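Q:
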């Protein structure tokens, strides 16, 4: 006779109990799929977008010069984008070396983080099933896949915008 940890026979579990035991596995599978979509072959294609090249070069110059205050492009001041993205790229260059993969790595990390954040936000608002489906829908959005695979500011911006909305929602409706 097979018993679960709570001493019950598997067939005596309520649907809610069975659903709760599947949630962590489903989330792990979802985040694994996100990592595969965002990271596999990340550096196999050259920089394709005009802004992707400019951002990657500004991050490279920051890495090369050690000037983490004033970003440059072709060694001329570049204040068109927030400096945080260049910091992330520079850090990535320190870890992985200067490459397309390293330039795109921060976007991919924040893309996976966005999927997790979407799950947490929707789970808190509407429950774990809605959280999983909402995060899966976001993950399968071609725009999100593309932005998470490019050396652009968008993935980081979307992550922090969503985080601020989640924080606002928690302040308004949360328990503390």
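Residue numbers (the working numbering): 61 to 236. We put the beta carbon where it would ideally sit given N, CA and C, even for glycine. For clarity, every value in this text was computed on a predicted model and none was experimentally measured.
1. Go ahead and label residue 215 buried or exposed: buried means 16 or more other beta carbons lie within 10 angstroms of its beta carbon, across all protein chains shown.
2. Starting from the N-terminal side, write out each stretch of the alpha helix (DSSP H) that is 4 residues or longer and does not extend beyond the segment 138–173.
3. Please report whether the beta-carbon of residue 89 lies at a distance below 8 Å from any beta-carbon of chain B.
4. The alpha helix (DSSP H) with residue 188 in it runs from where to where?
5. DSSP three-state call for residue 183: helix, strand or coil?
6. Rank 189, 106, 102 by C-alpha distance to the C-alpha of residue 86 and give the top, closest one.
7. Within the same chain, show all residues whose beta-carbon is closer than 8 Å to that of residue 222, passing over the 5 residues directly before and after it, in chain order.
8. Check for me: the alpha helix (DSSP H) holding residue 116 runs from which residue to which?
9. DSSP on residue 222, reduced to helix/strand/coil?
A: Straight from the coordinates:
1. What you label residue 215 is simply residue 155 of the chain shown in a count that begins at 1. Counting Cβ neighbours within 10 Å, residue 215 comes out buried, since at least 16 surround it.
2. 143–156
3. Among the chains in the structure shown there is no chain B, since it carries only a single protein chain.
4. Within the chain shown, residue 188 is the residue found at index 128, counting from 1. Unbroken alpha helix (DSSP H) run through residue 188: 188–199.
5. Locating residue 183 in the chain shown gives position 123, counting from the first residue. Reduced to three states, the DSSP call for residue 183 is helix.
6. As a first step, residue 86 is located in the chain shown; it is residue number 26 there, counting from the start. For the residues 189, 106, 102, the minimum Cα distance to residue 86 belongs to 189.
7. For the purposes of this step, residue 222 is taken as the residue at position 162 of the chain shown. 174, 177, 178, 181.
8. Along the chain shown, one-based indexing puts residue 116 at 56. Looking at the DSSP string, the run of the alpha helix (DSSP H) that includes residue 116 is 110–125.
9. Locating residue 222 in the chain shown gives position 162, counting from the first residue. Correct three-state label for residue 222: helix.
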